[in-house]
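Participant: Protein chains in written order, with our numbering: chain A, 1 to 489; chain B, 490 to 978.
Backbone N, C-alpha and C fix where the C-beta goes; we use that ideal spot for every residue, glycine too.
Note that the structure is predicted; figures quoted are calculated from it, not measured.
For reference, the structure I am asking about is given below.
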């Protein structure tokens, strides 16, 4: 029996609303193919793609041939691909027309007791309509689940409204709110590092840590998402979800177990411990930026305001840096510096733990702290920056790195986030999905910041594309230490 | 100004007693050449080699050409070698004849105020005679120092006697007792790691460390040293000095400064904190071994007892494993497992810090601890063994290593131990030399162990050459954890 077969799943029907969309073609269908290729899917597992386009299943498979296949790359295998395509059904449904749900009733009704996943890969405005539609069509069984992508609202009120609508049709245990960062193996590894090793826990606290930096830097600009993005901005698009999720995993107390409730309880606790930022305090603790003309990777980039689909006088931020604090015994007084931005100098998701300084230095040594650097993207590496005696006739300390490169340590391919997430939805494991209370708590912390920006008319500071954001970002951190990682020697 | 010139020394006369001996030719003269080659020696620095053989300085230089030069290897340079030879004087002196010291008086008297080092690279039986000789000849000035090699006695009483004799001629501040392990850059790096980094100190204590292993394993057998060795054994030859010194550096409290007194005070404190082992307790806490026939590195090795110069019924141990404990707040209850031996499977000086187990494991993970492995020889590497999530669709932890290879981190050549030690003697820095009280404390702990072996007639357990010693060595540690590093997965 192959190792993956141990984890094979119960029969399922996966219904992809938005089945012809970008996410389905680039991520969801390739992810399911990879699991099929590695023989983890049961024979009785169907993928029912739903979209408005009039198309037969055969025509949809031809479409897949043209789009999905290129994302499968080196794992393409003729036999596996053919048998994967046998799982696919396409239904042309106008989801605003209740009568058309009958097509789904007929297909799903063939196996009424099967695990049934409604994956809402559509515009958020349609979430409510679809839930209503499947409910009225009598499709929501005990074994049904619903999965949703961000954005789950654009503020606390709209998020509560969406969650209330979902709750009319599904129980909380049936709802899978996706933050695809949680599906990344690298992010799961953060929990493994913290709670699977003795070494880190004793020093993972205010007594020993000076500050923590979390960076999600993109080189891409706003590209084709301008219409959506200009009404959203970096705070809603990245900070409220991905950055806060990383902060939470770094800061949470050891959970009782890896049971979903145990893990999510600890995460909610951190979100509720975030020191509120509001009013004038926001001005000191946050930096809003917007990229102007510049050069990224040697290519000219036009200013955000000049991009197609962006208002020429747009106030939307493409960069945020902020200082968060956690009111708890473990973290009191330890700043968490978060930043994210578009059109930055480098592409990188990276966590930097700066330890305190040696309290009494008996050596001639550099004035930088010991650091633990955890890079999640583009490579998965861990680095302990320490000091050792340089060679030669002196006791002079130099910086050296203890390195771990996961690609070298594990020859096995890294799963993409959606493979893990789709499997967990099918098998009913909510650990890597956000509880309603997490979403509420995160928006509850973000809302007053955005309100303060609006109240004080905080205009985003321009930064040249291809830099690390506005200088104010460096100034924010300079009050506490030498700077962001790339600014410290 | 080149970096090494900053550290250039005052003019000196280095007098090597035993100047034609093995140590002088293999280590001391090459070490001085290396420092000369790197331009660290002042122009007015002479090396006066003293031995019994009738030879002119010119003839001695020809001897050096044949012997020393091969140990200089890639750093040989014709010009540097020629100017190095200009520093050399040879004096043929029978050191048991006081009249012959007059030759030294004439040479050293040319520069009476110069730093003057008497390096006793002779049989220990001659130490006292030489000290007496130089004193009677009026050669011991305020700027004089004496350096001695092990063995400093074969038990507490004889060590005290030697130290008393030295004290009649030299003050403690003039006496440089060499443990060449302390001259190794790798050993100095232990102090740098412990006290130059914030990271290690908080976890470097009983609350977090389960046990510590220190191994000095040799592949060589007794070779040409049989006559000396058979009257000495591994306990006196390796444990009393090198192994205890490594233990002390690992266990000591942070010193106030790197001033020699501050460092040596902390070292003495640990030696005095060693929990005494005596009487029947010794039988449980120590393992004596002696190698029998076997194969090392594919080559047949004859049993120790069958070696030239070894008594056929010799009781001398070529292997020791023991459990030491330190009575202190920091270390109470943490066993320090020490072992050393000849004709073992591998050549390796290695320290293994085993941390405690995760107190509450929420993951499926291996049952081995996090480890910090510090290898001093043959390569200088540091490894943090931790656990990370293995790739794939499970939260199963696997062992991975954070690595640091000093040869890759520092391109610069590593100094040999004697370069550092000789320089420190010349400049008058006693940090890396043993204080009289250290020698006394070490023998005071070792003596009762040897006495107990004699009292209970503990015969060394035979082990095949090319193994890791007798099985009793594994049994000693198995009461506490899975075993020596090579025995644990």
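Kindly indicate which three-state DSSP category residue 491 of chain B falls into: helix, strand or coil?
Facilitator: Counting from one through the second chain, the residue named residue 491 of chain B turns up at place 2. Below a pLDDT of 50, predicted positions are generally treated as unreliable, and residue 491 of chain B, at 38, falls in that range; the measurement from the model is reported next regardless. Coil.
Participant: Given a limit of 7 Å on CB to CB distance, which residues of the stretch 179 to 202 of chain A reach chain B?
Facilitator: Flagged, chain order: 185, 188, 189, 192, 193, 195, 196, 197, 198, 199 and 202.
Participant: Whose CA, out of A/84, A/479 and A/206, lies closest to the CA of residue 29 of chain A?
Facilitator: Locating residue 29 of chain A in the first chain gives position 29, where the first residue counts as 1. Comparing Cα-Cα distances from residue 29 of chain A to each of A/84, A/479 and A/206, the minimum goes to A/84.
Participant: Which bits of chain B does residue 387 of chain A rub up against, with CB to CB less than 9 Å?
Facilitator: By one-based count along the first chain, residue 387 of chain A stands at place 387. By Cβ distance, chain B contributes 681, 682, 685 and 686.
Participant: Measure from the alpha carbon of residue 951 of chain B to the alpha carbon of each residue in B/808, B/900, B/912 and B/644, then state which is nearest.
Facilitator: Here residue 951 of chain B refers to the residue found at position 462 when the second chain is read from its first residue. It is B/808.
Participant: Between residue 273 of chain A and residue 327 of chain A, which are expected to be in contact by the criterion C-beta below 8 Å, what is the C-beta distance as a whole number of angstroms?
Facilitator: Position 273 of the first chain, counted from the first residue, corresponds to residue 273 of chain A. Position 327 of the first chain, counted from the first residue, corresponds to residue 327 of chain A. About 5 Å separates the two Cβ atoms, so the contact holds.
Participant: Are the C-beta of residue 697 of chain B and some C-beta of chain A separated by less than 8 Å?
Facilitator: Along the second chain, read from residue 1 onward, the residue named residue 697 of chain B stands at position 208. Yes - at least one Cβ of chain A is within 8 Å of the one on residue 697 of chain B.
Participant: May I ask which residues mark the beginning and end of the alpha helix (DSSP H) holding residue 621 of chain B?
Facilitator: Reading the second chain from its first residue, position 132 is the one you call residue 621 of chain B. That run of the alpha helix (DSSP H) goes 616 to 625.
Participant: Can you list the residues of chain B that residue 414 of chain A reaches, using a CB-CB cut of under 7 Å?
Facilitator: Start at 1 with the first residue of the first chain, and residue 414 of chain A comes out as number 414. Within 7 Å Cβ-Cβ: 880.
Participant: Any beta-carbon of chain A closer than 8 Å to the one on residue 889 of chain B?
Facilitator: By 1-based counting over the second chain, the position of residue 889 of chain B is 400. Closer than 8 Å to some Cβ of chain A, the Cβ of residue 889 of chain B qualifies, so yes.
Participant: Using the Cα positions of residue 363 of chain A and residue 433 of chain A, report the straight-line distance between them to the nearest angstrom.
Facilitator: If you number the first chain from 1, residue 363 of chain A lands on position 363. If you number the first chain from 1, residue 433 of chain A lands on position 433. Roughly 48 Å separates the two Cα atoms.
Participant: Can you find a CB in chain A that lies within less than 8 Å of the CB of residue 493 of chain B?
Facilitator: Taking the second chain and counting its residues from 1, one reaches residue 493 of chain B at position 4. Low confidence applies here, because residue 493 of chain B scores a pLDDT of 42, under 50, leaving its location unreliable; read the following figure in that light. Judged by the 8 Å Cβ criterion, residue 493 of chain B is in contact with chain A.
Participant: Quick check on residue 93 of chain A: does DSSP put it in helix, strand or coil?
Facilitator: Taking the first chain and counting its residues from 1, one reaches residue 93 of chain A at position 93. Of the three classes helix, strand and coil, the one that applies to residue 93 of chain A here is coil, per DSSP.
Participant: Any C-beta of chain A sitting closer than 8 Å to the C-beta of residue 849 of chain B?
Facilitator: Taking the first residue of the second chain as position 1, residue 849 of chain B is located at position 360. Interface residue, yes.
Participant: Tell me which residue opens and which closes the alpha helix (DSSP H) that residue 381 of chain A is part of.
Facilitator: In the first chain, residue 381 of chain A corresponds to position 381, counting from 1. No alpha helix (DSSP H) holds residue 381 of chain A; the beta strand (DSSP E) holding it covers 381 to 389.
Participant: In this structure, how does DSSP classify residue 239 of chain A when only helix, strand and coil are distinguished?
Facilitator: What you label residue 239 of chain A is simply residue 239 of the first chain in a count that begins at 1. Helix, per DSSP.
Participant: The beta strand (DSSP E) with residue 215 of chain A in it runs from where to where?
Facilitator: Taking the first chain and counting its residues from 1, one reaches residue 215 of chain A at position 215. Unbroken beta strand (DSSP E) run through residue 215 of chain A: 209 to 217.
Participant: Note down the Cα distance separating residue 12 of chain A from residue 437 of chain A, rounded to an integer number of angstroms.
Facilitator: Position 12 of the first chain, counted from the start, is the residue given in the question as residue 12 of chain A. Position 437 of the first chain, counted from the start, is the residue given in the question as residue 437 of chain A. About 28 Å.
Participant: Nearest chain A C-beta to residue 974 of chain B closer than 8 Å, yes or no?
Facilitator: As a first step, residue 974 of chain B must be located in the second chain, where it is residue number 485. So no, residue 974 of chain B is outside the interface.
Participant: Leaving out five residues on either side along the sequence, give the residues of the same chain with a beta carbon under 6 Å from the beta carbon of residue 288 of chain A.
Facilitator: In the first chain, residue 288 of chain A corresponds to position 288, counting from 1. Taken in chain order, the residues that qualify are 317, 458 and 460.
Participant: I want to see whether chain B comes within less than 8 Å of residue 363 of chain A, judged by CB atoms only; does it?
Facilitator: In the first chain, residue 363 of chain A corresponds to position 363, counting from 1. With 8 Å as the cut-off, residue 363 of chain A counts as an interface residue toward chain B.
Participant: Can you round the beta-carbon distance between residue 610 of chain B and residue 510 of chain B to whole angstroms, since I take them to be within the 8 Å contact cut?
Facilitator: Stepping through the second chain from its first residue, residue 610 of chain B is reached at position 121. Stepping through the second chain from its first residue, residue 510 of chain B is reached at position 21. So it is a contact: roughly 6 Å between Cβ atoms.
Participant: How long is the line joining the alpha carbons of residue 897 of chain B and residue 224 of chain A, rounded to whole angstroms?
Facilitator: Counting from 1 along the second chain, the entry for residue 897 of chain B is found at position 408. Counting from 1 along the first chain, the entry for residue 224 of chain A is found at position 224. When rounded, the distance between both Cα atoms is 45 Å.
Participant: Please classify residue 706 of chain B as buried or exposed, where buried requires at least 16 other C-beta atoms within 10 Å of its C-beta.
Facilitator: Here the question's residue 706 of chain B lines up with position 217 in the second chain. Counting Cβ neighbours within 10 Å, residue 706 of chain B comes out buried, since at least 16 surround it.
Participant: Would you call residue 495 of chain B buried or exposed, if buried means 16 or more other Cβ atoms sit within 10 Å of its Cβ?
Facilitator: Sequence index remark: in the second chain, residue 495 of chain B carries index 6 (1-based). For residue 495 of chain B, the predicted structure reports a pLDDT of 44, less than 50, and the residue's modelled location is therefore unreliable. A value from the coordinates is still provided. It is exposed - the Cβ of residue 495 of chain B has fewer than 16 other Cβ atoms within 10 Å.
Participant: Using the three-state DSSP reduction, which class does residue 434 of chain A fall into: helix, strand or coil?
Facilitator: What you label residue 434 of chain A is simply residue 434 of the first chain in a count that begins at 1. If DSSP states are grouped into helix, strand and coil, residue 434 of chain A belongs with the strands.
Participant: Can you tell which of A/35, A/33, A/10 and A/447 has the C-alpha that lies nearest to the C-alpha of residue 277 of chain A?
Facilitator: Reading the first chain from its first residue, position 277 is the one you call residue 277 of chain A. It is A/447 whose Cα lies nearest to the Cα of residue 277 of chain A.
Participant: Let me make sure I understand the geometry here. Which of A/91, A/330 and A/86 has the alpha-carbon closest to that of residue 54 of chain A?
Facilitator: If you number the first chain from 1, residue 54 of chain A lands on position 54. Comparing Cα-Cα distances from residue 54 of chain A to each of A/91, A/330 and A/86, the minimum goes to A/91.
Participant: So for residue 286 of chain A, helix, strand or coil by DSSP?
Facilitator: Mapped onto the first chain, residue 286 of chain A falls at position 286. It is a strand residue.
Participant: Can you give me the Cβ contacts of residue 683 of chain B inside the same chain, cut-off strictly under 6 Å, excluding the 5 residues immediately before and after it?
Facilitator: Here residue 683 of chain B corresponds to residue number 194 of the second chain, with the count starting at 1. Within the same chain, residue 683 of chain B has close Cβ partners 689.
Participant: Just how far apart, CA to CA, sit residue 865 of chain B and residue 550 of chain B?
Facilitator: Taking the first residue of the second chain as position 1, residue 865 of chain B is located at position 376. Taking the first residue of the second chain as position 1, residue 550 of chain B is located at position 61. Residue 865 of chain B and residue 550 of chain B: Cα-Cα distance of roughly 34 Å.
Participant: What are the residues in the stretch 726 to 742 of chain B lying within 9 Å of chain A by C-beta distance?
Facilitator: Listed in sequence order: no entries.
Participant: Spatial neighbours of residue 100 of chain A within its chain, please: CB distance less than 7 Å, with the 5 preceding and 5 following residues excluded, ordered by chain position.
Facilitator: As a position in the first chain, residue 100 of chain A is number 100, starting the count at 1. If we look at residue 100 of chain A and ignore the five residues flanking it on each side, its Cβ neighbours are 93 and 94.
Participant: Residue 399 of chain A to residue 72 of chain A, Cα distance in whole Å?
Facilitator: Here residue 399 of chain A is taken as the residue at index 399 of the first chain, counted from 1. Here residue 72 of chain A is taken as the residue at index 72 of the first chain, counted from 1. Cα to Cα, the separation comes out at about 42 Å.
Participant: Residue 302 of chain A versus chain B: which residues are under 9 Å apart at the beta carbon?
Facilitator: For this step, residue 302 of chain A is matched to residue 302 along the first chain. Near residue 302 of chain A there are no residues of chain B at all, since even the closest Cβ is about 40 Å away, more than 9 Å.
Participant: Thinking C-beta only, is residue 152 of chain A closer than 8 Å to residue 427 of chain A?
Facilitator: For the purposes of this step, residue 427 of chain A is identified with residue 427 of the first chain, where counting begins at 1. For the purposes of this step, residue 152 of chain A is identified with residue 152 of the first chain, where counting begins at 1. No.
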